[in-house]
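Inspection log for the structure reproduced underneath, given as structure tokens.
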Amino acid sequence: MEKKKLQSVSIAALIVSILPLAALAPSLLHFSLSAGIRTAWAGANIVFALLGLTLSVVCVRSKESRSIINIASTAISVFWALLMVGIVALALFLTFVQ
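Read in order, the letters of the sequence shown are residues 1488 to 1585 in the numbering used here.
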């Protein structure tokens, strides 16, 4: 039962980790979004990235539940987290340089 639950969580973690890629869809389809929608979408992407990272770490922590899905979702989530930290660091750097 526990393994089945962790398997469901690992699949959910992978899906949530991939959801921030949906932000590329409007630009690929040449849609322009209003500022409010872009802000809401950016907030949702941050939530998805952090939620995916949390779910991935919960699944990878147990040695019995480690699988390629868990490792892939962890790698994707870590990429998004590092990207967010890099953007914040760049913004802080540029703020203090000027």
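Glycine is no exception: its CB is placed at the ideal position from the N, C-alpha and C atoms.
By the Cβ test, the segment 1535 to 1550 is not in contact with the segment 1510 to 1520, since fewer than three Cβ pairs between them sit closer than 8 Å. Residue state for Gln-1494 is assigned as helix, using DSSP reduced to three classes. Contact check between the segment 1494 to 1508 and the segment 1550 to 1563: three or more CB pairs, one atom from each, fall below 8 Å, which counts as touching. Between Leu-1501 and Ala-1559, the C-beta spacing is below 8 Å. Exposed is the label assigned to Gly-1523, since fewer than 16 other Cβ atoms lie within 10 Å of its Cβ.
Exclusion of the five residues before and after Leu-1493 leaves Cys-1546, Ser-1549 and Ser-1552 as the residues of its chain whose Cβ lies within less than 7 Å of its Cβ.
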